[in-house]
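Below is one structure; the comments refer to it alone.
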Amino acid sequence: MKRYNPTELEPKWQKVWSESGIYKTDMGRVDEKHYVIPMLPYPSGDLHVGHWYNFGPTDAVARFRRMTGKNVLTTLGFDAFGLPAENAAIARGIQPAVWTRGNIKSMKEQLAQLGASYDWDHSLMTCDPEYYRWNQWLFLKLYEKGLAYRKKALVNWCPKDQTVLANEQVVGINNVCERCGTPVIQKELEQWFFKITDYADRLLDDLEKVDWPEKVKVMQENWIGRSRGALIDFSLEQKEKLTVFTTRPDTIYGATYMVIAPEHPLVDKLTTEEQKADVAQYAASAERKTELERKEGEKDKTGVFTGSYAINPATKKPIPIWIADYVLMSYGTGAIMAVPAHDERDFDFATAKSLPILQVIEGGGLPYSGEGKMMNSGKYDGSPSSEAREQIEADLAGDGVAEEKTNYRLRDWLISRQRYWGTPIPIVYCEECGMQPVLEDQLPVILPEDVEFELTGQSPLIHRPDFVNTKCPQCGGDARRETDTMDTFMDSSWYFLRYIDNKNDKEIFDTELVNRWAPVDHYIGGVEHAILHLLYARFMTKFLHDHHGLSFDEPFRKLTNQGIILGPDGQKMSKSRGNVINPDEQVKSYGADSLRLYMMFMGPYEQGGPYNMGGIAGTRRFLDRIWTLMQEYLETPAEPRADLDEAAITAAVHRTIKKVTKDIEKLSFNTAIAAMMSLVNELYKFKDEKKISRTPAWRFALETLAQLLAPMAPHITEEIWADLGHETSVHISRWPQWDDALITEEMTTLGVQVNGKLRGEIVAASDISEQEAVKMAKEDENVAKYLEGKTVKKEIYVPGRLVSLVIQ
RNA sequence: GGGCGAGUGGCGGAAUUGGUAUACGCGUUUGACUUAAAAUCAAAUUCCCAAAAGGAUUGAGGGUUCGAGUCCCUCCUUGCCCACCA
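In case it helps, the numbering used here puts the first sequence at residues 24 to 831.
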């Protein structure tokens with residue numbers, strides 16, 4: 024008997040697949056395409072179980088679709104630019120390019136073990152000039168449309184990584200760098216931005232179009248943070264005006280003071296002589312405060328009076344202007360009208376500074392911002408606040424001191440990085456002509472791959488005259504290249520379009536081909552990308568839709584977030600905890616099929632959970648049991664035995680086809696596997712009673728089992744398929760169909776309840792009538808015991824399920 | 001503080017969406033095979049009672065219903081995301 028030896032069998036089939044090219048996608052095929060990919064991995068050099076958890080099930084989906092007749096495209100590339108490569112270079116003296124390419128090579132070797140059905144012809148790595156030249160091209164297109172711009176701005180600076188960060192890359196309550204966890208500081212620098220805010224409304228509204236987890240949609244909604252309100256001007260003695268943004272113009276009569284941020288441009292003008300010292304001191308201390316300290320001070324608000332007053336345009340009364348750091352320069356106008364009666368923060372501040380508090384909405388407790396009837400608001404008194412809101416805004420607009428305004432939390436995407444290992448920004452600075460974009464036909468601007476890292480914290484590009492010194496594309500005179508590189512999220516914002524036409528050296532991609540294959544039908548990856556990557560990809564897709572002929576404007580039709588694999592101890596896997604599971608070792612001990620299967624069996628895919636050593640032993644045992652069945656079948660003499668009634672096997676197989684098909688469609692892998700395990704258990708029972716025979720029913724069972732399991736355990740099933748005499752791969756075989764007529768059983772067991780408690784069971788024909796079922800139920804010995812001497816008040820019959828009797 | 005989700009055996013988890021709770025797997029126990037062990041096969045395994053009969057049981061409490069893990073209210077625990085956003 025042949026033994027199940029995955030260590031030998033798996034590489035064998037991987038080689039066969041690679042040589043026969045069965046997973047190569049025919050891009051010209053016109054029938055129904057299906058594009059399914061996992062999120063682009065970063066080549067850290069080591070494939071961990073998290074990767075397996077992402078790639079294995081995604082591959083299973085791709086294989087399933089392929090078998091159901093779809094023309095599937097699935098591949099994998101590498102997100103190859105980024106900081107870790109530079110850190111490795113500094114720590115170990117390896118060139119980032121060498122380190123990265125070496126990692127990709129070893130990851131590809133590890134990946135081979137997975138047995139995924141990738142079409143490697145469509146792969147890419149983002150550090151390849153043939154890829155990043157199109158990043159540069161995109162930059163130029165954005166620049167041309169006014170969507171890429173350079174400006175001096177207060178930006179997030181990570182002191183450890185020595186670079187600026189996008190808003191999205193500053194995380195947590197302490198505002199730390201998402202990469203290294205260092206608290207971020209604010210710095211004023213000239214930086215490149217993409218005007219993603221131009222797309223804010225579409226990014227928000229189009230979430231309706233996509234089949235994504237609700238959670239991710241809500242996160243994006245909150246991140247974009249659209250709020251409708253008004254800009255209102257408060258006039259100043261200084262002949263200027265102070266504009267505020269508010270979502271509640273209806274509360275303007277309750278605006279008893281104003282607050283501006285310490286960085287507000289009018290601070291100097293508004294500060295009176297006698298307040299100068301106080302203000303200067305406060306501004307200095309506010310600047311010194313880290314974000315963390317600002318947040319800690321959330322409850323006890325601080326601030327100083329400027330000495331100036333503004334006129335409330337509604338009451339025409341002067342109100343004091345204060346400076347406080349609870350007002351942020353980065354949101355709205357950096358100035359607010361404070362309504363302490365109806366805003367908790369204003370209330371806290373007013374209480375601390377003994378400022379007047381005036382209630383203007385009835386029923387709204389203090390401090391409470393709700394809806395109610397207006398009060399203390401002149402002619403608006405008595406009307407509902409929601410109506411007053413529009414009326415007051417309209418009236419103020421009529422006076423020319425207010426306008427409707429929609430504000431967003433979303434800021435423009437800061438894309439420049441003072442780092443080396445990234446796409447060079449295709450801009451030069453000419454002494455004569457100033458800032459000039461590199462001409463399209465001069466792309467790519469090649470990143471030198473042999474650089475020296477100094478400890479100055481500056482990009483090594485600055486010290487490369489051969490890179491920096493160039494000619495102006497306009498006048499041909501001496502010019503200097505931009506040494507900042509692009510955020511690596513640029514790389515991942517459109518790579519899924521390039522997969523489709525990755526060898527195109529004439530243009531970013533053939534638009535017609537991409538329109539045929541994209542958007543991605545199913546995108547699978549971790550929820551940690553709910554905002555950053557997915558928002559940028561949506562933005563870039565919309566831009567390419569508007570300016571490069573894409574027929575779609577959302578990149579990912581369906582999104583699935585897999586859960587996180589934890590260590591066996593239920594904790595996050597980490598080297599320091601010593602609970603890291605190495606997939607290579609698991610493959611060595613159990614085989615890739617067992618590992619893939621276990622990851623899909625351990626629980627709901629979107630939930631993740633702890634890795635369990637016994638669990639993988641269980642899926643391996645399951646494969647062994649199938650293997651044994653198969654070997655015994657092969658060793659059985661090929662004599663037909665017509666005397667056996669094996670309809671039960673056929674019915675069980677059909678039932679399993681139905682269950683597995685429906686479960687894989689909803690990514691319920693664990694229950695699909697459970698159904699196959701049940702089938703195998705049934706076959707063992709059958710074997711115990713009647714022995715395995717070379718009958719059509721047994722062949723059908725083994726053949727179907729191989730097909731149903733093929734997406735999840737591609738190697739063992741291919742072996743079984745071949746052993747059954749097939750010349751072509753199970754992975755391009757036609758997904759089995761079930762016949763409902765064969766599934767319905769003649770007899771069913773019905774539960775019998777008396778007053779809601781289960782008191783008996785009856786076995787009856789499936790199509791038994793209600794009358795008869797109730798009769799049978801009442802005749803059941805145990806049930807009769809409970810009915811004795813009682814009147815049956817109500818009889819309920821649920822076909823196929825139960826009979827419920829209610830007695831007095 | 002705000003938003004979303006989750007609590008089912010010793011453990012991971014099922015449950016036709018309001019219809020026989022605990023499928024499937026792990027673990028454990030017993031038996032077969034073996035000189036023995038491992039592996040394999042078979043049986044048992046929610047809890048209480050020695051067993052049967054019976055009773056209890058889906059975080060806690062209440063409600064709707066013939067019937068609730070599932071729906072409604074209150075509370076507890078826990079995970080994730082956002083957080084002075086005007």
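Glycine is no exception: its CB is placed at the ideal position from the N, C-alpha and C atoms.
**Asked** Near K681, which residues of its chain fall below 6 Å by C-beta distance, leaving aside the five closest residues on each side in sequence?
**Response** Here residue 681 refers to the residue found at position 658 when the first sequence is read from its first residue. Close CB contacts of K681 within its chain, under the 6 Å cut and outside five residues either way in sequence, are with W761 (chain order).
**Prompt:** L177 lies in the beta strand (DSSP E); which residues open and close that run?
**Reply:** Here residue 177 corresponds to residue number 154 of the first sequence, with the count starting at 1. L177 -> beta strand (DSSP E) spans 171-181.
**Prompt:** Measuring from the CB of R503, is there a heavy atom of the ligand GDP at a distance below 7 Å?
**Reply:** The ligand GDP is not part of this structure, which contains no ligands at all.
**Prompt:** Can you tell me whether Y172 is buried or exposed, with buried defined as 16 or more other CB within 10 angstroms of its CB?
**Reply:** Your numbering for residue 172 matches position 149 in the first sequence. Result: exposed.
**Message:** One question on the structure: do R202 and D184 come within less than 8 Å of each other, judged by their Cβ atoms?
**Reply:** Within the first sequence, numbered from 1, the residue matching residue 202 stands at position 179. Within the first sequence, numbered from 1, the residue matching residue 184 stands at position 161. Contact: yes.
**Prompt:** Excluding the five sequence neighbours on either side, which residues of its own chain have a C-beta within less than 6 Å of the C-beta of L573, listed in chain order?
**Reply:** What you label residue 573 is simply residue 550 of the first sequence in a count that begins at 1. Around L573: L567.
**Item:** Any beta strand (DSSP E) of 3 or more consecutive residues that is wholly inside the segment 586-668
**Value:** Counting only runs of 3 or more, we get 587-589, 631-633.
**Message:** Please report the straight-line C-alpha distance between I448 and V491, rounded to a whole angstrom.
**Reply:** In the first sequence, the residue the question calls residue 448 occupies position 425. In the first sequence, the residue the question calls residue 491 occupies position 468. So the two alpha carbons sit approximately 12 Å from each other.
**Asked** Exposed or buried, what is S827 when buried is set at 16 or more other beta-carbons lying within 10 Å of its beta-carbon?
**Response** What you label residue 827 is simply residue 804 of the first sequence in a count that begins at 1. Buried, since its Cβ has 16 or more Cβ neighbours within 10 Å.
**Request:** Return the residue from the list I344, L351, G355 that minimises the CA-CA distance to R249.
**Result:** Translated into the one-based positions of the first sequence, residue 249 becomes position 226. R249 has its Cα closest to that of G355, out of I344, L351, G355.
**Message:** Looking at the secondary structure, which residues open and close the alpha helix (DSSP H) in which A698 lies?
**Reply:** For the purposes of this step, residue 698 is taken as the residue at position 675 of the first sequence. Looking at the DSSP string, the run of the alpha helix (DSSP H) that includes A698 is 692-713.
**Asked** If you scan the segment 24-71 from start to end, which runs of the beta strand (DSSP E) of 3 or more residues do you find wholly inside it?
**Response** Taken in chain order, the complete beta strand (DSSP E) segments of 3 or more residues contained in the segment 24-71 are 56-61.
**Prompt:** Can the beta-carbon of I791 be found closer than 8 Å to that of V815?
**Reply:** Here residue 791 is taken as the residue at index 768 of the first sequence, counted from 1. Here residue 815 is taken as the residue at index 792 of the first sequence, counted from 1. No, Cβ-Cβ distance for I791 and V815 is not below 8 Å.
**Item:** Helix, strand or coil at A337 [DSSP, three-state]
**Value:** Mapped onto the first sequence, residue 337 falls at position 314. The answer is coil: DSSP assigns A337 none of H, G, I, E or B.
**Prompt:** Ordered along the chain, which non-local residues of its own chain (more than five positions away) have a Cβ less than 8 Å from that of T220?
**Reply:** Position 197 of the first sequence, counting from 1, holds the residue named residue 220. Within the same chain, T220 has close Cβ partners Y431, L433, R434, D435.
**Expected contact under 8 Å - CB spacing of A733 and M90 to nearest Å** = On the first sequence, residue 733 is found 710 positions in, with the first residue counted as 1. On the first sequence, residue 90 is found 67 positions in, with the first residue counted as 1. A733 to M90, Cβ: 7 Å. Contact.
**Asked** What span of residues does the alpha helix (DSSP H) with I830 cover, start to end?
**Response** Residue mapping note: residue 830 aligns to position 807 of the first sequence, counting from 1. I830: not part of any alpha helix (DSSP H); member of the beta strand (DSSP E) spanning 825-830, first to last residue.
**Request:** Tell me, to the nearest whole angstrom, how far the beta carbon of D473 is from that of Q136; I am working on the premise that it is less than 8 Å.
**Result:** By 1-based counting over the first sequence, the position of residue 473 is 450. By 1-based counting over the first sequence, the position of residue 136 is 113. That belief does not hold up - the Cβ atoms of D473 and Q136 are roughly 33 Å apart, past 8 Å.
**Message:** Just to confirm before moving on: does the CB-CB distance between F692 and P236 stay below 8 Å?
**Reply:** The residue you call residue 692 lines up with position 669 of the first sequence. The residue you call residue 236 lines up with position 213 of the first sequence. Going by C-beta atoms, F692 is not nearer than 8 Å to P236.
**Range of the contiguous beta strand (DSSP E) that encloses H545** = On the first sequence, position 522 is the one that residue 545 refers to. Counting along the chain, the beta strand (DSSP E) containing H545 begins and ends at 543-549.
**Prompt:** What runs of the alpha helix (DSSP H), each 4 residues or longer, lie entirely inside the segment 489-547?
**Reply:** Runs of the alpha helix (DSSP H) inside the segment 489-547: 518-521, 534-540.
**Request:** Using the DSSP secondary-structure output, state which residues sit across from C453 in a beta bridge.
**Result:** Within the first sequence, numbered from 1, the residue matching residue 453 stands at position 430. BP columns for C453 point to G457, A502.
**From G590, G499, E818, T446, residue whose alpha carbon lies closest to that of L484** = Reading the first sequence from its first residue, position 461 is the one you call residue 484. When each option's Cα is compared against that of L484, the closest is T446.
**Request:** Output the distance between the C-alpha atoms of D576 and L226, rounded to the nearest integer angstrom.
**Result:** In the first sequence, residue 576 corresponds to position 553, counting from 1. In the first sequence, residue 226 corresponds to position 203, counting from 1. In this model, D576 and L226 are separated by some 10 Å (Cα to Cα).
**Asked** Exposed or buried, what is T740 when buried is set at 16 or more other beta-carbons lying within 10 Å of its beta-carbon?
**Response** Counted from its first residue, the first sequence places residue 740 at position 717. The C-beta of T740 has 16 or more other C-beta atoms within 10 Å across all chains shown, which makes the residue buried.
**Prompt:** In chain order, what residues of the same chain have a beta carbon less than 7 Å from the beta carbon of L466, not counting five sequence neighbours either side?
**Reply:** Indexing the first sequence from 1 puts residue 466 at position 443. Hits under 7 Å: R156, Q159, W160, P449.
**Request:** Return the chain-ordered list of same chain residues with a C-beta closer than 8 Å to the C-beta of G812, the five sequence neighbours on each side being excluded.
**Result:** Here residue 812 refers to the residue found at position 789 when the first sequence is read from its first residue. Leaving aside the five residues that flank G812 on each side, none in its chain has a CB nearer than 8 Å to its CB.
**Item:** Buried or exposed (CB count within 10 angstroms, at least 16 for buried), A253
**Value:** Reading the first sequence from its first residue, position 230 is the one you call residue 253. A253 counts as buried, since at least 16 other C-beta atoms from the protein chains shown sit within 10 angstroms of its C-beta.
**Request:** Could you pull the start and end residues of the beta strand (DSSP E) that W721 belongs to?
**Result:** In the first sequence, the residue the question calls residue 721 occupies position 698. Note, W721: premise wrong, no beta strand (DSSP E); alpha helix (DSSP H) at 719-732.
**Asked** So what's L315 in DSSP terms, helix, strand or just coil?
**Response** Taking the first sequence and counting its residues from 1, the one referred to as residue 315 is at position 292. Interpretation of L315 is limited by its pLDDT of 48, a score under 50 that renders its predicted location unreliable; no figure is taken from the coordinates.
**Counted within 10 angstroms of its Cβ, other Cβ atoms place S41 as buried (16 or more) or exposed** = As a working note, residue 41 is residue 18 in the first sequence. Looking at its Cβ environment, which holds fewer than 16 other Cβ atoms inside 10 Å, S41 is exposed.
**Request:** Measure the C-alpha to C-alpha separation of Y559 and M513 and round it to an integer number of angstroms.
**Result:** Mapped onto the first sequence, residue 559 falls at position 536. Mapped onto the first sequence, residue 513 falls at position 490. Cα to Cα, Y559 sits roughly 8 Å from M513.
**Asked** Considering only the beta carbon of each residue, do V610 and I649 sit closer than 8 Å?
**Response** As a position in the first sequence, residue 610 is number 587, starting the count at 1. As a position in the first sequence, residue 649 is number 626, starting the count at 1. No, they are not a contact pair.
**Where the alpha helix (DSSP H) containing T564 begins and where it ends** = Taking the first sequence and counting its residues from 1, the one referred to as residue 564 is at position 541. Per DSSP, T564 belongs to the alpha helix (DSSP H) from 555-571.
**Asked** Opposite Q776 in the DSSP bridges: which residues?
**Response** Taking the first residue of the first sequence as 1, we reach residue 776 at position 753. L781, S827, per the DSSP bridge assignment.
**Message:** Taking the straight line between their C-alpha atoms, what separation do you get for A695 and M735?
**Reply:** Reading the first sequence from its first residue, position 672 is the one you call residue 695. Reading the first sequence from its first residue, position 712 is the one you call residue 735. If I take the Cα positions, the gap works out to 10 Å.
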